[in-house]
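Heads up: the structure comes next, in structure tokens.
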Amino acid sequence: MTYARTPRRRLAAAITVALAVTAGALMAGPAVATPGAIAAAAQATTTQQDVIPFRDGATVAGAGRTGFLSRHTVDGTAVYEWTRYADGTTTALPAGTAAPMGGSDIVTQVDGSVHTLHDMATDAKPVAIDLGLLGDGYGSGRGLGPSTLFTTKTTAAGGKEAHIVSIVDGTLLDDKVTGLPENAVIRRVFLGYSGTVVVRYDDAPGSTPGTRIAVIDVEKRQVVEDYEAKEGGNHDGDVALSPTHIAWIERPTYDTADVVVVRRDTRETKRVPLGKADTLSVELAGDWLLYGQAGGYNASQHKPLHALTAQSLTTGETVKLLDHFTSSAPGPDGTQLVGGGTVAEGEGVYRIAPAIDGVRPAVTLVASTGRPTTLELIRHDVPETLDLDRATLPLGLNWTLSRSSTNVRVELVHTATQKTWKPNISHFAGGVVGFKWDGVYAQNWTTIRPYSDAVPAPNGDYTWRLTAEPRDGIGPAVEKTGTFKVVRKTVAHDFNDNGTPDLLIREPSGHLSLYNTSTPLGSWPVNPAEPLGTGWDIYDALLSPGDVAGAAHSDIVARDTSGVLWLHQGTGRALAPRVRVGGGWQIYNKITGGSDLTGDGRADLVATDKAGDLWLYKGTGNASAPFAPRVKTGHGWGIYNKITAAGDIGGGPAGDLVARDTAGDLWLYLGTGNGTFAQRTKIGGGWNTYSDIVGFGDADRDGRPDLLGVTAAHGTPYFYKGTGDWRAPFAPRSAVYSYAYLGGTAF
């Protein structure tokens, strides 16, 4: 084939000036070598011996024989680095760096019209070419060799010519590439293999964008091949060139894509439909076509095209090379250098070598970020112990994952009860997932408070289980478990060990149920109740005096119809089998407990007999004999039809009692600390509306005991908040819930 070379523009005199306009020293960073040092090592070896480090978040910008160019951003500014294959040494390059052409080691630094060519494989002095010396209209160029540059020039008619500018023996030469139509508009320039440049162009200004593709022979300065990109060819579509084939992207419709592959010697054409696809990349490695959609890692959904896929141009065989990729560049000898990752080897830079004798392309990890491609749990922020009395609530329970685009489930399992709760999970920056926990759980967790079935979480050991699935579909789900413990101080009237007092209801059927006090504190949902057993109708008196057996949890004392008193010791999860305390208790018409009347830290019992005498049974803390022998502490109590141990509601030295007379007036008896009481004080009237008056501890966690009244007519509960002032120990009543109905005996 013969070809004609256009007359060169010679600017010998100006070259002396241009050569002096170099970019200065390359910027050095950690583990950085100068181009000269790189050249010395490159002369010894041009192949990588071990996997070298690669900056996490960087992309591949170019690939040479001795190293590769990468790009990352710092505060929004692009930073380029050249990394040597031999030992991973990096050279930080100045701003405005352009990738090498054709898999060479030439890196171009652009500063206005001055283009400085750095040969990263030798210690040669950089060569500066000032395109401004050639006149107006020249765009940015890219290096083809140590002193050769490819660029474009805008014509008066609005077209763009292809030019190859070089320095030969100190003379600046400007060659216009021939073979393109007059006033053609070059849209994109692609990296070819050694000695070639590929451009996608329009026939003329105003013609269909990017409808033709030209292969330029650099030595001849001439277009040697020209192809028409049909069916809506997009000027942004990728183009790839190998010694035997050329390939490009076409879009038959708005959202579908095909790859067109042409054998360069015979013009045999193969079309590979890819279906619905966004922006695609194509490369060629020998007789294999490589294609895929970059950006699959951390994508919001899985797409098969996110993988880098190779298809044999001879057999049609398809094989996945990388699970995802971010960037790619042609390398020497038909290789491709790709930034991406595989589940097996993690994130980094991979070399794709052409297949030999029909074998699949070889994939080799040449540089690694050290980060896995698989989804991993990096850390968790779940304390070993959660003291819910001391912690500032809500408390964040968080897990940090290696990716941000995930579907996450978290389960909290209470070891003792095996109850499982699944909170809603939020996603935060940096792959952090978690939720704010206020110590409350719900079977049906929602983001709107209050929960319909929310109760305080019980104390004790827990297991958390995190299950995270990558939304991009790359790699398996990760499942991790851990443990933590919830602790609180013991409170009175707490039967399920969740740090709040409970209300016990014996239903007419004999079933015993527990109602949690929950958020907002001072009120509780009436459903669902926790069952505590059946057969409780054998007792004619029930009371919950607190911890009388010496353990940490509240107990129940019950009297059967024969006058025998029984102890049901609390375990924090259920009630232990009953233990006989003693007989003869049928002489009493009223029994109550729950206040420390003697100041020794133990709950005591008081009872009134039919004569109206008041008897004290001091608590011992001994499960086999929980009460000391009785001591008479008063008389005249026959005027009351209800007495309730309400705790220390008056702010005095010991627990107190409230008593209701037959007129419905409520009287306060302040404890003196020795089992006796001060003179009574009237604190209200109209209390005969209640069938039950229950002192059940500090329900609203303000440090003062509260009171509950349940109406006789409808079983409606009302809450009386403790004030700590003995003159007015309770605030006006408030409805727990207007629809609440508690049928049975409350205690």
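In the working numbering, the protein residues as written are 356 to 1102.
Built from N, CA and C at the ideal position, the CB exists for glycine as well.
From a predicted model like this one, the values you see are computed outputs, not experimental measurements.
- Nearest neighbour of ASP1020 by Cα position, chosen from ASP1011, THR669, TRP1042, turns out to be TRP1042.
- For secondary structure counted as the alpha helix (DSSP H) over 4 or more consecutive residues, the segment 828-905 holds no complete run.
- Within the same chain, Cβ atoms closer than 8 angstroms to the Cβ of THR836 are found at THR818, TRP819, ARG820, LEU821, the five residues on either side in sequence being excluded.
- Taking a cut-off of 8 angstroms for Cβ pairs, the segment 679-692 and the segment 782-795 do not touch, as fewer than three such pairs fall below it.
- In this structure, the CA atom of LYS480 is about 8 angstroms from the CA atom of HIS473.
- In this structure, DSSP gives ALA784 a helical state, which the three-state scheme calls helix.
- The C-beta separation of VAL520 from LEU546 comes to about 18 angstroms, leaving the pair out of contact by the 8 angstroms criterion.
- Three or more Cβ pairs closer than 8 angstroms define a contact, and the segment 650-657 falls short of that threshold against the segment 412-427.
- Contact between PHE505 and VAL544 is confirmed by a C-beta separation of about 7 angstroms, below the 8 angstroms threshold.
- If you ignore the 5 residues before and after ALA717, its C-beta comes within less than 6 angstroms of the C-beta of ALA708, all in its own chain and listed in chain order.
- With fewer than 16 neighbouring CB atoms inside 10 Å of its own CB, VAL674 falls in the exposed class.
- Under the criterion of beta carbons closer than 8 angstroms, LEU971 and ARG957 do not qualify as touching, at roughly 12 angstroms.
- Here DSSP, grouped into helix, strand and coil, assigns ASP633 to coil.
- For GLN941, the secondary structure class from DSSP, reduced to helix, strand or coil, is helix.
- Counting only residues of its own chain and dropping the five nearest sequence neighbours on each side, SER760 has a CB closer than 8 angstroms to the CB of ASN653, ALA654, SER655, PRO825, ARG826, ASP827.
- Contact between LEU1012 and SER1089 fails: their C-beta atoms lie close to 23 angstroms from each other, not under 8 angstroms.
- Nearest to ALA602 by alpha-carbon distance, out of ASP593, ASP466, THR608, TYR609, is ASP593.
- HIS1069 carries a coil assignment under DSSP once its states are collapsed to helix, strand and coil.
- Only exposed fits GLU623, as fewer than 16 other CB atoms lie within 10 angstroms of its CB.
- Here the alpha carbon of THR621 sits roughly 43 angstroms from the alpha carbon of ASP478.
- Residue nearest to THR509 within the set PRO560, ASP460, THR551, GLY534 is PRO560 (criterion: CA-CA distance).
- Looking at the DSSP output, GLY1050 shares a beta bridge with LEU1062.
- In this structure, the beta-carbon distance from LEU887 to LEU869 falls below 8 angstroms.
- Per DSSP, reduced to three states, the secondary structure at TRP1042 is helical.
- Annotation for SER667: the continuous beta strand (DSSP E) segment containing it runs 663-667.
- The straight-line gap separating the alpha-carbon atoms of ASN944 and LEU920 is approximately 13 angstroms.
- Less than 8 angstroms divides the Cβ of SER723 from the Cβ of PHE409.
- Scanning its chain for C-beta atoms nearer than 6 angstroms, with the 5 sequence neighbours on each side dropped, one finds around GLY1030 the residues LEU952, THR953, LEU971, THR988, in chain order.
- Secondary-structure assignment with DSSP links GLU516 through a beta bridge to LYS508.
- The C-alpha of VAL579 is placed about 26 angstroms away from the C-alpha of LEU489.
- Assignment of ASP1003 by DSSP, reduced to helix, strand and coil, places it in the coil class.
- Inter-residue distance for TRP940 and ASP968 is about 14 angstroms (C-alpha atoms, whole angstroms).
- Taking the C-beta atoms as reference points, ARG1015 is found nearer than 8 angstroms to ILE1048.
- No residue range can be given for PHE1032, since it is assigned to no beta strand (DSSP E) and is classified by DSSP as neither H nor E.
- By alpha-carbon distance to GLY991, the top candidate from GLY467, ASP955, THR1027, GLN1034 is GLN1034.
- Contact annotation: the segment 736-749 does not touch the segment 458-467, with fewer than three C-beta pairs closer than 8 angstroms.
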